[in-house]
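Residue numbers (the UniProt record's numbering), protein chains in the order written: chain W, 1 to 340; chain D, 1 to 512; chain Z, 1 to 370. In what follows, a structure is listed as structure tokens, so that the remarks can point back to it.
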Amino acid sequence: MTTTTQQPKAPSNGTPSRAARVLADRRLPVLVTAGLFLVMYAIGLSRYQNYGFAETQVFLNLFIDNSYLLVAAVGATFVILSGGIDLSVGSVIGFTTMLTAWLVEKQGLPLVIVIPIALGVGAFGGYLMGYVIQNFEIQPFIVTLAGLFLFRGLCLVISKESISITDSSVSSMAQAQVSVGGGFLSIGAIVSLVVLAAAFYVLHYTRFGRRVYAIGGNEQSALLMGLPQGGTKIAVYTMSGFCSALAGLLFTLYIQSGDPLHATGLELDAIAAVVIGGTLLTGGSGYVVGTLFGVLVLGLIKSLIQFEGTLSSWWTKIATGVLLCAFILIQRTMTARRKT
Amino acid sequence: MAEPLPVLEMTGIVKEFPGVRALSGVDFRLFPGEIHALLGENGAGKSTLIKVLTGVYSLDGGTVTLNGTSVRFHSPSQAQQAGISTVYQEVNLCPNLSVAENIFIGREPTRFGRIQWKRLRREAAELVDRLGLDIDVEAPLSSYPLAVQQLVAIVRSVGTGDADGQGAGTKVLILDEPTSSLDRDEVLELFALMRRLKGEGVAILFVSHFLDQIYEVCDRMTVLRNGTLVGEHMVRDLDQVGLVQLMIGKALDQLEELHDHQLHADVGESLLKADGVGRTGGIAPFDLEIKKGEVIGLAGLLGSGRTELARLLFGADQPDTGKVTIGGKQVSMSAPNDAIAAGVAFCSENRKTEGLVPDLTVRENIILALQATRGWTRPIPVAQRDELVAKYIKALDIRPANPEARVGQLSGGNQQKVLLARWLITRPKLLILDEPTRGIDIGAKAEIQKLVVSLSEEGMAVLYIAAELEEVLRLSHTIGVLRDRKLVAQLANGPEITPTRILETIASGEHQ
Amino acid sequence: MTTTPRWRTLTRHHLFWPVAVLVVLLLVNVPFTPDFFSIKMTDGHLYGSLVSIVLFGSPLILVAVGMTLVIATGGIDLSVGAVVAITGALTCSYISDQADQDALSGVLLAMGIGLVAAVVCGLWNGFLVARMGIQPIIATLIIMVAGRGVAQLITDGQIITVNSEPYKLIGGGYWLTLPFSIFVVAAVVAVTVALTRRTALGLLVESVGGNAEASRLVGIRSRRIKIMVYVFCALCAGIAGLMISSNTSAADGNNAGLWIELDAILAVVIGGTSLLGGRFSIGGTVVGALVIQTLTTTIYTIGVPTQTNLVFKAAVVIIVCLMQSPKFRAKVFGGGRLGGRFGGKRGDRSTATPADTAATPETVRTMEVS
């Protein structure tokens, strides 16, 4: 309905210029990361085309080899979007590998029972951390640090030794292949993509997802706007715990053993993937799709270094650090501009 | 014309805090389709009344009637559901989300739990359009200036209940100082929106420190003082002088009695000169000269730009325009360091957030400013430090007289004295005191005023800000009058300067 | 037990609880190892559980002392573990390239190179935090991730072993019957205390961490101070790196100083320094680091599987943090008496009069990290 009194419209200086709009667009960082991925992939193609880099399977392997990282990073995306941080990711993954291996091998439980137990334990751990963070107002950093210690310690309590899994159902599941185009994907890769799609739906099409963004944008405001944020925060950490446990299961499948030292420091990779994927570490801005590209970029660095042959594995860490630094500085300049 | 029934009626409202009665028996009514100003100086009870109304605070006595039924809210969201929405001075929205989402978050239209984005955007656009605003609802909120964000906040609060197709929407809209950081055009746009909402029958409660704005847009006003109701008037029935009197309180003749000029110390040569110093959103450019030994008092209502002026002279905020010269040398004012080096000291009105370091001891808080000028490598020798601290604890009668006490545990008056001591040991040439007597007991108040007089006699210049007119009058050689973020007059104190004269200047904004 | 005023003053002292925990932990050992407190002299060297606790705890004490100052400014430094690795790697690789590894000048130069690298890391962290305004936890994450890669790059992925007598001294040698590292720690702690309490640095650090805006308004140059504390923290980590690599006569880019940042933060928190910044206590941190080391030793001596060490640590973190959380105290102790001891920071706000709170817009203290 249009009223006849359309008098004082907002002055035109209220509307931002086109250039400013493009720069302030929250999708920009994701596009930058996607572009970076393409450029890196193109470099790989031109340098190693004689070594089979162009094969579809090399590309699909990125998904297979990093499926667990993707799932963990999706969980971390939720936490970081809400303005928190979760340092317990790697430990929960390590603990899940141990728990799974122990239950399957030493207790002889079937996988159908073990999987829900493992997921439940991870989610419960996340819930506890979220509960403490929310109700006692302790910084997420320190609470999840305690989680890191606790789960790594529980790994060692189960066993100091690595437990290899010989169960046939596990190995058959691990070796199952689903052909896609000119190659195949593992079950783990499929699961990780499903998790990604689900996360995207939750973040963008449910009220819960929007609350996560709102809390990350401005917690005080979210409270004053009447959003039930307490539950949201706890749910976010529960979700991260669940994702970590699921990532742990995928890791177990990928490596077919449980080891108390599995996935040490993986939380850093997950956080790095989220940041490189364009999510603001201060919360409130970012996309899980960006996280996918972040994971792919990290995975691609690894494969490029493998193909290069002469480069050693530690370049992965250095390259990750440099990328992390670059993206943090980009984020910083973007947020600085937004404020002025 | 018979008055319609009020949409909201509060009677005999009482709210107590430990040791303080913030509201004692306040009555307040609000009619549909009116803009109603709530006025009062700092601590008069405006914020408390609003917080009681919106369920932030619980009620200790009295009744609230909304649309004829008695209500009692326990949280802001309950009040919101009942149709009472509040928009605060700081925009409480999420800058990272789109305008449309900000309008609807928490009550997005969903279908089987899935947010219907198209419908959400369409409804937001319709709502914005209906209210006569030109805002792209898909743009992120942060891409708009603060003024537009403010408007979006109003749109959000007005849109309450719309999404589910039920609920009559907002009946009462509370605007708590929405205009303090807007420029003139933005204020006009806000007023247009307010008038449109008024036309739709919304009752608006408007809090503002700008008198002109109240006379421009409001129909009725309620004045509070010290937690009690002073009066409810139609805006057209009360002129500005009358209003200022109501707000400040004491009858004029009473003020005259208090007004005795104690201060006749000679002022010396020029110390500080400000030429066209100003800051957008802070205070309009002003010229000011301060002489040695002079006390300049700033008079004006809360939010008239008193603090803003002081902060610019200290470099706490950076001026956009103009230049400051101190002792003949231009000072850049890019940070407080520059001003401090030139001999300026500043006691902020916010003791807790901008003054004290509550964890540190009295001694540490006192020597902090002096130590900062010396840098970390040159600590004040222990003996000299203890002597200085002891001297000032004694001179200012800080209690407990224990330099080891944590400053956070002291009373307000003693905390203020600690801040004074902190700056006095730096031997400043100009001491800026922003509301040094607020929230402290009467004895400490008198001591601080006496101190100002003796400092001025020793040749220190003082810029003194206080809400109480008589305080300013009693102490100052010169009185700067502020109104609506402008320094409108500088009056040399003398027998002909009376509280009436200052009140008139504040009310009219004209230099007679 | 009567609560005499003296007893109360004692419990109020900021070191009381950390020391009490340490003493209890030490006493727990006695039933399991009756000669726990005895110190023997063999070959002119002192041996005993107490000596080894200090010896093995030395690197942690160093890192934690540096971390204390960073935390006091309201920051945090996650990169110390990586700095430990880089310093050890650089120093060891330089020494191993020498023809004569025992040459004192070569060893000193190598150590100098290592420490310069540490300082560079600290400057980088300080630059990001103070100049660029990036949250400390994020800024220091960069070196935490990349630093290990750099360390492995230096060592070429190998574990570099050195065979240098002078270098061995710092982390594994003895001097005047005691492990030399104890002297290094004592020196660093003494220098830190002197630097913070004999100059005005400590006061300014506490002021910046306690109230950043008030500090700006009294003219403290907080950027300079922040850069300094990050450099100092990295330097301490560097010395710890020398000590660790010297003790094992080897540099391991991957595992040297792994998780030491977490232990250090824990030590600082146990020592009574609030993660929100402000008041700090070097003595408390030293005791805190000793508590962590004693915990490890105790778990070992009482025969609980060593791997539960981490579970205990997690419990300690949670308990300490819960005790510091005003909300938890309010829930459990009903606004409890512990308020005086565990940072009354938030408590101060509740004493504000209504008029005061109305005047100041809710400025909720938020921590710079996270």
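Just so you know, even glycine gets a beta-carbon here, dropped at the ideal spot from N, CA and C.
Item to check | Nearest neighbour of L420 of chain D, chosen from D:A369, D:E470 and D:G375 [CA to CA] | outcome: D:A369
Item to check | Any C-beta of chain W under 8 Å from that of C321 of chain Z | outcome: yes
Next on the checklist: Please identify the residue among Z:N211, Z:L201, Z:G157 and Z:L276 whose C-alpha is closest to the C-alpha of T316 of chain W.
Outcome noted: Z:G157
Checklist entry - Which of the three DSSP states, helix, strand or coil, is assigned to R27 of chain W? => result coil
Next on the checklist: Just checking: is the beta-carbon of G336 of chain Z within a distance shorter than 8 Å of some beta-carbon in chain D?
Outcome noted: The pLDDT assigned to G336 of chain Z is 41, lower than 50, so where the model puts this residue is not dependable, and the model offers no usable value.
Checklist entry - Between which two residues does the alpha helix (DSSP H) containing M225 of chain W stretch? => result That residue, M225 of chain W, is in no alpha helix (DSSP H); it is neither H nor E in DSSP.
Next on the checklist: Considering Cα atoms alone, identify which of D:R220, D:G315, D:C218 and D:L141 is closest to R216 of chain Z.
Outcome noted: D:G315
Checklist entry - So which residues on chain W does Q152 of chain Z lean against when the C-beta distance must stay under 7 Å? => result W314
Next on the checklist: Closer than 8 Å is the cut-off here; do at least three beta carbon pairs connect the region 256-274 of chain W with the region 47-64 of chain W?
Outcome noted: no
Checklist entry - Which residues, in order along the region 321-333 of chain W, keep a beta-carbon less than 8 Å from a beta-carbon of chain Z? => result G321, V322, L324, C325, I328, L329 and R332
Checklist entry - So, does the CB of K226 of chain Z fall closer than 8 Å to a CB anywhere in chain W? => result no
Checklist entry - Looking at the structure shown, is T282 of chain W part of a helix, part of a strand, or coil, going by DSSP? => result coil
Checklist entry - Since Q330 of chain D sits in a beta bridge, which residues does DSSP pair it with? => result D:T325
Next on the checklist: Once DSSP output is grouped into helix, strand and coil, what is the label at H45 of chain Z?
Outcome noted: strand
Item to check | Any C-beta of chain Z under 8 Å from that of E137 of chain W | outcome: yes
Checklist entry - Which residues of chain Z have a Cβ atom closer than 8 Å to the Cβ of E308 of chain D, listed in chain order? => result Residues of chain Z passing the Cβ test: none, with the nearest at roughly 15 Å.
Next on the checklist: Quick check: Y254 of chain W and R114 of chain D, are their CB atoms within less than 8 Å of each other?
Outcome noted: no
Next on the checklist: Quick check on V39 of chain W: buried or exposed, where buried means 16 or more other Cβ atoms within 10 Å of its Cβ?
Outcome noted: exposed
Checklist entry - Which runs of the alpha helix (DSSP H) spanning at least 4 residues fall entirely within the region 166-234 of chain D, listed in chain order? => result 184-199 and 211-217
Next on the checklist: To the nearest angstrom, how far is the alpha carbon of P319 of chain D from that of I220 of chain Z?
Outcome noted: 20 Å
Checklist entry - Which class does R337 of chain Z belong to by DSSP, given the choice of helix, strand or coil? => result Residue placement at R337 of chain Z cannot be trusted, given a pLDDT of 43 that sits under 50; what the coordinates show is reported in the next sentence. Helix at R337 of chain Z.
Item to check | Buried versus exposed call for T166 of chain W [16 or more other C-beta atoms within 10 Å across all chains shown] | outcome: exposed
Next on the checklist: Would D386 of chain D pass as an interface residue toward chain Z - the criterion being a Cβ-Cβ separation below 8 Å?
Outcome noted: no
Checklist entry - Going by the CB atoms, is the gap between I53 of chain Z and T294 of chain Z shorter than 8 Å? => result yes
Next on the checklist: Looking at chain D, is there any beta carbon in it that lies within less than 8 Å of the beta carbon of A235 of chain W?
Outcome noted: no
Checklist entry - Grouping DSSP H, G and I as helix and E and B as strand, with all else coil, what is H13 of chain Z? => result coil
Checklist entry - For W102 of chain W, does the three-state DSSP call read helix, strand or coil? => result helix
Item to check | chain Z contact residues for V157 of chain W, given Cβ-Cβ distances below 8 Å | outcome: P305, Q307, T308 and V311
Next on the checklist: Do I260 of chain Z and P59 of chain Z count as a contact pair if the criterion is CB distance below 8 Å?
Outcome noted: yes
Item to check | For M334 of chain W, the three-state DSSP class (helix, strand or coil) | outcome: helix
Item to check | chain D contacts made by the region 239-263 of chain Z, where a contact means CB separation under 7 Å | outcome: none
Checklist entry - For K46 of chain D, which residues does DSSP report across the bridge? => result DSSP output for K46 of chain D lists no bridge partner at all.
Item to check | Reduced DSSP category for C347 of chain D - H, G, I as helix; E, B as strand; rest coil | outcome: strand
Checklist entry - Of the choices W:L148, W:K106, W:L81 and W:V202, whose alpha-carbon is the least far from that of L266 of chain Z? => result W:L148
Next on the checklist: I need the DSSP call for Q416 of chain D, collapsed to helix, strand or coil.
Outcome noted: helix
Checklist entry - For the candidate residues D:Y144, D:H209 and D:K171, whose alpha-carbon lies nearest to that of D484 of chain D? => result D:H209
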